[in-house]
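Participant: Chains A and B supply the protein sequences, listed in that same order.
Read in order, the letters of the first sequence are residues 1 to 344 in the working numbering.
Read in order, the letters of the second sequence are residues 345 to 664 in the working numbering.
Pasting a structure below so you can have a look.
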Amino acid sequence: MDTLLPIQDRGGPAQPLLLATGLRKHFPVAGGLLGRTTKVVRAVDDLTLSVAKGETLGVVGESGCGKSTVARLLIRLIKPDKGTMVLDGDPVDEPHGITVNELRRQVQMVFQDSYASLNPRLTIAETLAFAPRAHGLPAAEARERVRDLLSKVGLDPVNYATRYPHELSGGQRQRVNIARALALRPRLIILDEAVSALDKSVEAQVLNMLVDLKTELDLTYVFISHDLNVVQYLSDRVLVMYLGKIVELGPVEAIYGNPQHPYTRALLSARPSMDPRKRTHEAPIQGDPPNPIDPPSGCRFRTRCPFAEDVCARVEPPLTDAKFQAVACHMRVAGSGHSKAMAA
Amino acid sequence: MTNMLQVRDLHVTFVTPDRTVHAVNGVSFDLARGETLGILGESGSGKSVTLRSILRLHPEHRTRWSGSIKLEGDEILDMAPKALSDLRGQRVSMIFQEPATAFDPVFTIGQQIAETVRRHTGKSETDAMKRAKDLLEMVRIPSPAQRLKAYPHEMSGGMRQRAMIALALSCNPTLLLADEPTTALDATVQIQVLLLIRELQREFNLGVIFVTHDIGVAVEVSDRIGVMYAGKLVEMAPVERMVDAPQHPYSRGLLASTVHDGMRGQRLESIPGAPPDLAAVPDGCSFAPRCKFVRPDCTASIPSLREVEASHAVRCVLAA
């Protein structure tokens with residue numbers, strides 16, 4: 001019987017907590033006569049990423065870049081078309097590996113909409129006890145767990161346990177969602193725009209709490225957000241996505257201090273300045289991100305890239321295999337044929 | 345500069361059978377021609393309600409208001425329906441957060457702009473369509489002649505917001521109201537739209553009121569910033585002053601709790617608690633329950649908005 005004790009580390013600190021290889025998810029778009037599939041949204045295309053134990057991996061990108069699809073794939077809310085996942089040495093959903101249920105015991109998720117992600121007919125205590133009870137925790141212990149969880153997220157159990165979601169503010173509801181994610185003592189939490197809907201003064205409270213919980217419970221985070229400042233604040237490593245592809249990946253200091261991909265640079269300089277004396281005078285790039293249905297050939301960013309050349313349309317740039325800072329741009333590949341690239 | 349808009353002691357209350365919500369509780373400010381005022385506040389602060397009151401967009405039968413909103417001398421709160429519909433779109437116009445829902449999905453962008461032009465100027469259909477094309481060109485929509493025939497769903501978010509700006513400026517208004525117009529846009533598109541608004545504001549010498557919850561956005565576009573909390577302006581100052589030396593504890597908390605460059609590893613300063621329920625507004629300063637500097641006189645009476653120096657006003661008993 002599962003007693004819901006914290007799960008012991010198995011592979012040691014050098015083994016990634018989660019390793020996803022070659023993940024692909026294409027969504028068919030029904031259309032045309034008789035609803036035949038005519039087009040495909042290439043939401044995530046051959047994406048490989050690893051999450052180290054104890055780190056916070058930030059994922060940034062604009063709408064339609066596939067960052068939420070990545071989150072859903074990592075917790076198997078949707079099944080990948082292709083690709084494998086390994087959780088601390090155990091392959092997921094494979095004959096000699098762990099089941100999807102066991103994956104979700106160890107990997108939990110917090111969503112953006114704090115209201116839609118709670119059952120309106122369950123009290124906070126019922127919501128928090130649901131998963132532990134389903135995993136066989138006796139009622140008395142589950143009640144104890146609920147009290148403990150509520151205190152962990154800064155809500156007084158006496159006051160909040162019997163309330164319904166609509167009786168809480170947005171910030172309080174998001175604390176409940178975080179408590180629910182912690183209920184099974186997971187090792188990895190995926191935060192998909194978890195603070196984006198909160199007011200700034202409340203966002204700061206929740207961010208402080210996330211930092212504290214991570215240390216206290218020895219957690220690992222995948223933090224997905226469109227807010228570059230919040231990602232910079234929280235992350236150890238940052239992954240930048242554009243139209244279903246990784247364009248750059250590296251330590252937070254490198255990505256923010258020395259971005260290599262033209263898209264990363266544009267994204268960073270599109271941030272409002274916070275200083276009225278240093279206002280932005282020119283937009284770093286023009287236009288909107290293209291539709292992920294039929295993305296551009298070759299480099300998907302080329303249609304908005306100021307440095308695009310013929311080679312960018314012909315050949316898809318590979319993600320360099322540098323351990324430190326990886327980038328997918330022909331200008332960074334020696335001998336790629338781009339005029340700004342080094343000779344081979 | 346002369347003041348084109350004067351708002352004095354504006355109160356807006358929404359009455360439903362269940363409850364009464366005091367959304368705006370005594371807001372006063374002036375706006376000069378060619379000036380951009382940023383109104384900054386969190387959800388429920390009354391910033392959008394204040395803005396919509398200028399066009400009287402609230403449902404008449406459920407809204408009670410008092411005070412005064414004067415545009416170039418004309419009292420908007422007393423206007424008859426005919427005068428009001430002449431005002432809307434012609435002298436004052438508005439751009440919204442979600443252009444996808446602000447446009448009618450069954451008409452093309454061109455038809456919708458041309459309709460507005462004809463309603464307010466009486467131009468012929470051909471002339472109105474020509475004007476629509478010029479407007480799309482002005483907001484820098486590529487191949488405007490084709491885009492006139494596009495339906496809203498055929499355009500990207502950034503393109504729709506540009507089209508909305510074109511529609512808003514179609515009848516040469518003097519005052520443009522912007523309600524979080526870039527909040528739904530992606531980062532690289534947001535900055536393009538902000539720059540476009542700033543540029544058009546200068547070109548047409550518009551008065552602009554720009555409501556946002558994003559401090560960075562407010563700093564990028566505003567000449568002056570007003571901070572709202574629980575239906576009141578708690579501080580108003582020129583943008584440099586607001587960023588350098590905010591006085592009200594709420595403004596200071598808001599600026600300090602906003603994550604920006606170089607805060608990594610630091611503990612964020614947060615404001616404890618949550619904004620008050622506007623069905624029951626507290627006596628005295630509405631920020632007092634969350635304020636770390638609270639004193640007995642804070643709850644005794646509502647502090648007045650006092651000038652601490654030229655054009656910098658603060659609603660706090662502690663402000664010198």
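Every residue, glycine too, gets a C-beta built ideally from N, C-alpha and C.
Counting Cβ pairs, one atom from each stretch, are 3 or more of them under 8 angstroms apart for the region 348-359 of chain B and the region 407-420 of chain B?
Facilitator: Yes: the two stretches touch, three or more of their Cβ pairs being nearer than 8 angstroms.
Participant: Determine the extent of the beta strand (DSSP E) in which residue 192 of chain A is found, giving its start and end residues.
Facilitator: Element bounds for residue 192 of chain A: 188-192.
Participant: So, is the C-beta of residue 331 of chain A closer than 7 angstroms to a C-beta in chain B?
Facilitator: No, because no Cβ of chain B sits closer than 7 angstroms to the Cβ of residue 331 of chain A.
Participant: Closer than 8 angstroms, Cβ to any Cβ of chain B: which residues of the region 263-288 of chain A, in chain order?
Facilitator: Within the region 263-288 of chain A, the residues whose Cβ lies closer than 8 angstroms to some Cβ of chain B are 266, 267, 270, 271, 272, 273, 274, 275, 276, 277, 279, 280, 281, 282, 283, 284, 285, 286, 287 and 288, listed in chain order.
Participant: Rounding to the nearest angstrom, what Cα-Cα distance links residue 1 of chain A and residue 136 of chain A in this structure?
Facilitator: With a pLDDT of 41 at residue 1 of chain A, under the threshold of 50, the predicted position of this residue should be treated as unreliable, though the coordinate-derived value follows. Cα to Cα, the separation comes out at about 7 angstroms.
Participant: Please list, in chain order, the chain B residues whose beta carbon lies closer than 8 angstroms to that of residue 171 of chain A.
Facilitator: Under the 8 angstroms cutoff, chain B gives 618.
Participant: Compare the C-alpha of residue 553 of chain B against each of B/488, B/566, B/560 and B/386 and name the closest.
Facilitator: Closest by alpha carbon: B/566.
Participant: Strictly under 7 angstroms for the Cβ-Cβ distance: is residue 614 of chain B near chain A by that measure?
Facilitator: Yes, its Cβ sits closer than 7 angstroms to a Cβ of chain A.
Participant: Among A/185, A/322 and A/125, which one has its Cα closest to the Cα of residue 173 of chain A?
Facilitator: The option with the nearest alpha carbon to residue 173 of chain A is A/125.
Participant: What residue range is occupied by the uninterrupted alpha helix (DSSP H) comprising residue 237 of chain A?
Facilitator: Looking at the DSSP string, residue 237 of chain A is not in any alpha helix (DSSP H); the run it does join, the beta strand (DSSP E), is 237-242.
Participant: For the region 345-432 of chain B, list the alpha helix (DSSP H) runs that are entirely contained and at least 4 residues long, ordered along the chain.
Facilitator: Listed in chain order, they are 391-398 and 425-431.
Participant: For residue 242 of chain A, which option in A/25, A/220 and A/43 has the closest C-alpha, if you only look at C-alpha atoms?
Facilitator: Per the Cα distances, A/43.
Participant: Count Cβ pairs between the region 576-590 of chain B and the region 211-222 of chain A that sit closer than 8 angstroms; are there 3 or more?
Facilitator: At 8 angstroms Cβ cutoff, the stretches do not touch.
Participant: Can you give me the C-alpha to C-alpha distance between residue 493 of chain B and residue 77 of chain A, rounded to a whole angstrom?
Facilitator: Spanning the two alpha carbons is a distance of roughly 40 angstroms.
Participant: Which one of A/323, A/317, A/321 and A/325 has the shortest CA to CA distance from residue 331 of chain A?
Facilitator: Cα-wise, what sits closest to residue 331 of chain A is A/317.
Participant: So is residue 230 of chain A in contact with chain B if we call contact Cβ pairs under 7 angstroms?
Facilitator: Output row for residue 230 of chain A: interface = yes.
Participant: Residues of the region 378-391 of chain B in Cβ contact with chain A at a cutoff of 7 angstroms, in chain order, please.
Facilitator: Per Cβ criterion, the list reads 386 and 387.
Participant: I'd like to know whether the C-beta of residue 446 of chain B is nearer than 7 angstroms to at least one C-beta of chain A.
Facilitator: So, not an interface residue.
Participant: When the cut-off is 7 angstroms and only beta carbons count, does residue 221 of chain A lie next to chain B?
Facilitator: By this cut-off, residue 221 of chain A is not an interface position.
Participant: Cutting at 6 angstroms between CB atoms, please list the residues of its own chain near residue 527 of chain B, excluding the five before and the five after it.
Facilitator: Around residue 527 of chain B: 441.
Participant: Restricting to runs no shorter than 3 residues, where is the beta strand (DSSP E) found entirely within the region 163-219 of chain A?
Facilitator: As far as the region 163-219 of chain A is concerned, its whole beta strand (DSSP E) runs of at least 3 residues are 188-192.
Participant: If the cut-off is 7 angstroms on Cβ atoms, which residues from the region 53-71 of chain A count as contacting chain B, listed in chain order?
Facilitator: Hits within the stretch, in order: 62 and 63.
Participant: Please tell me whether residue 278 of chain A and residue 602 of chain B are closer than 7 angstroms, where the distance is taken between their beta carbons.
Facilitator: No, Cβ-Cβ distance for residue 278 of chain A and residue 602 of chain B is not below 7 angstroms.
Participant: Name the chain B residues that come within less than 8 angstroms of residue 201 of chain A, Cβ to Cβ?
Facilitator: Neighbours of residue 201 of chain A on chain B, chain order: 386, 597, 598, 601, 614 and 615.
Participant: Do the region 292-301 of chain A and the region 39-54 of chain A make contact, defined as three or more Cβ pairs closer than 8 angstroms?
Facilitator: Yes, they touch.
Participant: Compute the beta-carbon to beta-carbon distance between residue 311 of chain A and residue 320 of chain A, rounded to the nearest angstrom, for a pair I have assumed lies under 8 angstroms.
Facilitator: Residue 311 of chain A to residue 320 of chain A, Cβ: 16 angstroms. No contact.
Participant: Answer with yes or no whether the minimum CB distance from residue 205 of chain A to chain B is below 7 angstroms.
Facilitator: Chain B, which has a Cβ nearer than 7 angstroms to the Cβ of residue 205 of chain A, makes this yes.
Participant: Can you name the residues of chain B whose CB is closer than 7 angstroms to the CB of residue 258 of chain A?
Facilitator: Within 7 angstroms Cβ-Cβ: nothing; residue 258 of chain A doesn't reach chain B, min ~14 angstroms.
Participant: So within the region 109-159 of chain A, which uninterrupted beta strand (DSSP E) runs reach at least 3 residues, ignoring any that extend past its ends?
Facilitator: Within the region 109-159 of chain A, no complete beta strand (DSSP E) run reaches 3 residues.
Participant: With a threshold of 16 other CB atoms inside 10 Å of the CB of residue 260 of chain A, please say whether the residue is buried or exposed.
Facilitator: Its Cβ being crowded by 16 or more others within 10 Å, residue 260 of chain A is buried.
Participant: Do residue 391 of chain B and residue 382 of chain B have their C-beta atoms within less than 7 angstroms of each other?
Facilitator: Taking 7 angstroms as the Cβ cut-off, residue 391 of chain B and residue 382 of chain B do not qualify as a contacting pair.
Participant: DSSP puts residue 585 of chain B in a beta bridge; with which residues?
Facilitator: Per DSSP, none; premise fails for residue 585 of chain B.
Participant: For a cutoff of 7 angstroms on Cβ pairs, would you count residue 506 of chain B as touching chain A?
Facilitator: Closer than 7 angstroms: no.
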